[in-house]
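So the structure is just underneath, and the comments pick up after that.
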Amino acid sequence: MTEKNITVIPARKRVGNTVAKEKVKKLRVAAYCRVSTETEEQNSSYEVQVAHYTEFIKKNAEWEFAGIFADDGISGTNTKKREEFNRMIEECMEGNIDLVITKSISRFARNTLDCLKYIRQLKDKNISVYFEKENINTMDAKGEVLLTIMASLAQQESQSLSQNVKLGLQYRYQQGKVQVNHGRFMGYTKDEDGNLIIVPEEAEIIKRIYRECLEGKSLTGIGRDLERDGILTAANKPRWRAETIKKILQNEKYIGDALLQKTTTVDFLTKKRVKNEGHVPQYYVENSHEAIIPKELFLQVQEELHRRSNIYTGADKNKRNYSSKYALSAITFCGDCGDIYRRVYWNIHGRKEFVWRCVT
């Protein structure tokens, strides 16, 4: 029998998405940086991270600089809004990056599912991610096991931080400290101390809206007149919607009060906010800031809106649009069913005649 001849074929070590050969190709290395807030310490700041990784990558003779991807002031619990993170993943999928370096797992993602999803996605392309703080390389044999444990801890930490923020806000609300986003809040701005102060020109628009509502004008009609006069919304839009007018007419802040926690976050990962319908306590703070509308006038407007709502829910329970266009609008009703009358025209023998008839 012929003697067996065995030849050993040496393994070729994989580095990133390249195979080591006699002449090793430079690794294309990128870094991902992120800070959530402006209050983090200087050594963890956005600018410091960017500068650190730029120098760190460029000084390594075996690496080729593939860019810095940095999200400033964005949460790590969800990747949807992290534009630079998503751009980095796209670059990886296109084969432009071999290795990603980031400070820690919590910088990469505080959501365990997202973290593992992207790590496995990159690993399938032979792209490794190195986490400095945890000293984990995802291409190592034990990398994913350690990563799963550490990512779970990062998610728990994020959940704990979210709960602490909620408790902090609740404490502020209990103290009557009003926190209002004035960016799209017509009539007010903030002073240097963060207190709401009236913007006189905008306050006149608010007063006009309340006045015209009590004069009988419809919400759509109020909006059309504002558009005609070239007045922009708080969002600097030329179009005034009836819903926008209604929100202004129902906003208690215009009488100097503030209802806190109108909405609440129900999922710390997705940041989904919903209308607070008993999920968490609400706090009503009276006289929290200077009023634009007197309380008596505000209450009259609420009664008028309620009256319109009742009138324009017909016998068939369908909602009707309020109209104040004609003299008999809103004051003429059907003697049989109680529903409203509308002005319509009939074509009688070629002649147009206007009549009032029940909408049902």
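When you line the sequence shown up against our numbering, it's residues -15 to 344, in that order.
Cβ coordinates follow ideal geometry from the N, Cα and C atoms, glycine included.
I think residue i touches residue j, with their Cβ atoms under 8 Å apart; what is that distance to the nearest whole Å?
{"i": "A242", "j": "R168", "result": "Contact doesn't hold; Cβ gap of about 16 Å is too wide."}
{"i": "D55", "j": "R18", "result": "5 Å"}
{"i": "I81", "j": "A45", "result": "Between A45 and I81 the Cβ distance is about 18 Å, and since that is not below 8 Å, they are no contact."}
{"i": "Y194", "j": "L281", "result": "6 Å"}
{"i": "I120", "j": "L83", "result": "In fact, because the Cβ distance is near 13 Å, the residues do not count as touching under 8 Å."}
Could you give the DSSP three-state label for residue i: helix, strand or coil?
{"i": "I261", "result": "The question names Ile, yet the displayed sequence has Glu at residue 261. Reduced to three states, the DSSP call for E261 is coil."}
{"i": "R18", "result": "strand"}
{"i": "K117", "result": "coil"}
{"i": "R12", "result": "strand"}
{"i": "K221", "result": "coil"}
{"i": "T204", "result": "helix"}
{"i": "I111", "result": "coil"}
{"i": "F53", "result": "strand"}
{"i": "K191", "result": "helix"}
{"i": "V84", "result": "strand"}
{"i": "E39", "result": "helix"}
{"i": "R226", "result": "It is Ala, not Arg, that sits at residue 226 in the sequence shown. In this structure, A226 counts as helix in the three-state DSSP scheme."}
{"i": "I(-10)", "result": "coil"}
{"i": "K174", "result": "strand"}
{"i": "V32", "result": "helix"}
{"i": "I103", "result": "helix"}
{"i": "A276", "result": "According to the sequence shown, residue 276 is Ile rather than Ala. Coil at I276, not helix or strand."}
{"i": "Q26", "result": "Bear in mind that the predicted position of Q26 carries a pLDDT of just 45, short of 50, making it unreliable; the figure below should be weighed with that in mind. Looking at Q26 - three-state DSSP - the assignment turns out to be helix."}
{"i": "I182", "result": "strand"}
{"i": "E406", "result": "With the chain running from -15 to 344 in the structure shown, residue 406 is simply not present."}
{"i": "V269", "result": "strand"}
{"i": "L216", "result": "coil"}
{"i": "Y306", "result": "Confidence is the limiting factor: at Y306 the pLDDT is only 48, short of 50, which leaves the residue's position unreliable, though a coordinate-based value still follows. Coil, per DSSP."}
{"i": "L253", "result": "Here L253 scores only 46 on pLDDT, less than 50, and its place in the model is too uncertain to base an answer on."}
Going by beta-carbon coordinates alone, are residue i and residue j separated by less than 8 Å?
{"i": "I277", "j": "Y238", "result": "yes"}
{"i": "M77", "j": "F53", "result": "no"}
{"i": "Q245", "j": "N235", "result": "no"}
{"i": "T204", "j": "A187", "result": "no"}
{"i": "I229", "j": "I190", "result": "no"}
{"i": "T122", "j": "A15", "result": "no"}
{"i": "E48", "j": "K109", "result": "no"}
{"i": "E211", "j": "R192", "result": "no"}
{"i": "L180", "j": "H290", "result": "no"}
Quick check on residue i - is its C-beta less than 8 Å from some C-beta in chain C?
{"i": "I73", "result": "Among the chains in the structure shown there is no chain C, since it carries only a single protein chain."}
Could you check whether the segment 100 to 108 touches the segment 27 to 47, counting it as contact only if at least three pairs of C-beta atoms, one from each stretch, sit closer than 8 Å? no
Touching by the beta-carbon criterion (3+ pairs, under 8 Å), the segment 110 to 129 and the segment 83 to 99: yes
Would you say the segment 256 to 275 touches the segment 193 to 208, given that touching needs at least three Cβ pairs under 8 Å? no
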